[in-house]
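Numbers 0 to 182, taken from our numbering, label the letters of the sequence shown in order.
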Amino acid sequence: QERLNLCVNEMNRLAELIGNVDVLSRIEAETLTLNLELTDMKKFLAYVIESFEPVFAKAGIELTSEFLNEVSCEIDREKFRHVIDNLLSNALRYTDRGGKVKVKLTAENKDALIEVSDTGIGIAPEDLPNIFERFWRADESRTRVTGGSGVGLAIVKATIEAHGGRISAKSIKGRGSCFTVRL
0 QERLNLCVNE MNRLAELIGN VDVLSRIEAE TLTLNLELTD MKKFLAYVIE SFEPVFAKAG
60 IELTSEFLNE VSCEIDREKF RHVIDNLLSN ALRYTDRGGK VKVKLTAENK DALIEVSDTG
120 IGIAPEDLPN IFERFWRADE SRTRVTGGSG VGLAIVKATI EAHGGRISAK SIKGRGSCFT
180 VRL
């Protein structure tokens, strides 16, 4: 039974990886269809954050938000939800108990800026240029029990670019990271 459970878990992990690679391939091939809807980003982000609050509370990590502007954007809500889910999941994964994660919404000129920042383990300066590459993971992330497959941030970047936006990251090793989405 134990071996069968291990096999099933590995098959599920591989199926998820194949699904993620398929999504990334469709985005990069520009065959992914976006169902754009004008969306109140404050309400959208508040809804996503609310769904994550119990997980963060259980992990002992403070999750806060700061919405400085009323901002509307045309987004595919389902696909953009995946972007925010991934950024919050990564912040949760790489922030230790007692840490903080913050989601901030502002406007600059006609752009919406969404920042997801954390007080987690951070990213080494030499690793930062590679984090959006498919299948790339920093050595330290491989040693963590919750390490991912290395396609999450590649999907995030491709999805944001499909929306006509950009993503960037800043980080200080040992002090945390900040991912900024510009739409």
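Ideal Cβ positions, reconstructed from N, Cα and C, are used throughout, including at glycine.
On the three-state DSSP scale, how would you describe residue i?
| i | result |
| --- | --- |
| G175 | strand |
| T142 | The predicted model places T142 with a pLDDT of 42, which falls under 50 and marks its position as unreliable, so this point remains unresolved. |
| L152 | helix |
| F66 | strand |
| E125 | coil |
| E132 | coil |
| S170 | strand |
Based on the DSSP output, what are the partners of residue i in its beta bridges?
| i | result |
| --- | --- |
| D39 | S71 |
| R165 | R181 |
| E160 | In DSSP, E160 forms no bridge with anything. |
| E52 | E52 is not bridged to any residue. |
| E9 | DSSP, once it has assigned bridges, lists no residue as partnering E9. |
CB residue i to CB residue j, shorter than 7 Å?
| i | j | result |
| --- | --- | --- |
| T158 | V82 | yes |
| L104 | F66 | yes |
| V70 | A111 | yes |
| G119 | G173 | no |
| D75 | L35 | yes |
| V102 | I48 | yes |
| D117 | T94 | yes |
For residue i, is the classification buried or exposed, using 16 other Cβ atoms within 10 angstroms of its Cβ as the cut-off for buried?
| i | result |
| --- | --- |
| S170 | buried |
| N89 | buried |
| T63 | exposed |
| G97 | exposed |
| K78 | buried |
| D39 | exposed |
| T145 | Because the pLDDT at T145 is just 47, under 50, the model does not fix this residue reliably, and the value given afterwards should be weighed accordingly. T145 should be labelled exposed. |
| N85 | buried |
| A153 | buried |
In chain order, each beta strand (DSSP E) run of at least 3 residues that lies wholly inside the segment 89-118: Taking 3 residues as the shortest admissible run, the segment 89-118 contains the following complete beta strand (DSSP E) segments, listed from N- to C-terminal end: 99-107 and 110-117.
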